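Under numbering that gives the first Met the number 0, read the sequence shown as residues 0 to 107, first letter to last.
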Amino acid sequence: MRIKTRRRYLALKIDAAEKFEQKVFLDALWSAILRLYGEYGASKTGLTLIDYNTEKGIAIIRAAHTEVEKVRAAIATITEINGNPAAVHVLFVSGTLKVLHRKIGISH
Numbered sequence: 000m001r002i003k004t005r006r007r008y009l010a011l012k013i014d015a016a017e018k019f020e021q022k023v024f025l026d027a028l029w030s031a032i033l034r035l036y037g038e039y040g041a042s043k044t045g046l047t048l049i050d051y052n053t054e055k056g057i058a059i060i061r062a063a064h065t066e067v068e069k070v071r072a073a074i075a076t077i078t079e080i081n082g083n084p085a086a087v088h089v090l091f092v093s094g095t096l097k098v099l100h101r102k103i104g105i106s107h
């Protein structure tokens with residue numbers, strides 16, 4: 000019998016002088032996770048980019064509920080994106096996208 004994977008959604012704020020495309024941000028995120036936990040640890044996170052707003056500098060990612068603390072730790076290690084100084088902060092963590100959108104003020 001297959002066990003349903005529980006997920007958590009994280010709203011992230013990217014603080015940087017420059018705006019970054021979705022792929023550049025995702026590469027920096029995966030790079031931080033791989034650096035800390037290696038390929039095996041990174042594969043357990045179940046990390047997926049759900050939404051990315053370049054103008055507001057907000058991203059929404061999904062991760063396995065058991066790996067949220069690892070993902071948060073990896074996010075804290077991001078100090079530059081594409082060679083430019085940057086910081087990424089976790090705004091909210093939620094079990095559903097609906098509640099997360101409500102918390103950050105996005106209507107869907």
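Built from N, CA and C at the ideal position, the CB exists for glycine as well. This structure is a prediction, so every number in the text was calculated from the model and none was measured.
Asked	Found
Rounded to a whole number of angstroms, what is the C-alpha to C-alpha distance between L48 and K22?	10 Å
Tell me whether the beta-carbon of A103 lies closer than 8 Å to the beta-carbon of F91.	Position check: residue 103 holds Ile in this sequence, whereas Ala was assumed. Their beta carbons are under 8 Å apart, which means I103 touches F91 by this criterion.
Under DSSP, the beta strand (DSSP E) around A10 begins and ends at which residues?	6-15
With a CB to CB cut of under 6 Å and the five nearest residues on each side skipped, what residues in its chain are close to T14?	First, the amino acid is wrong: residue 14 is Asp here, not Thr. So the list reads A86, once near-sequence residues are dropped.
Taking the alpha-carbon positions, what's the R61 to E20 distance?	18 Å
Who pairs with Y36 in a beta bridge, going by DSSP?	The partner list for Y36 (beta bridge, DSSP) is empty, contrary to what the question assumes.
Which partner residues does S93 have in the DSSP bridge list?	Y8
Look up N83 in the DSSP assignment and give the residues it is bridged to.	I80
According to DSSP, simplified to helix, strand and coil, what is T48?	The displayed chain sequence assigns Leu, not Thr, to residue 48. Three-state result, L48: strand.
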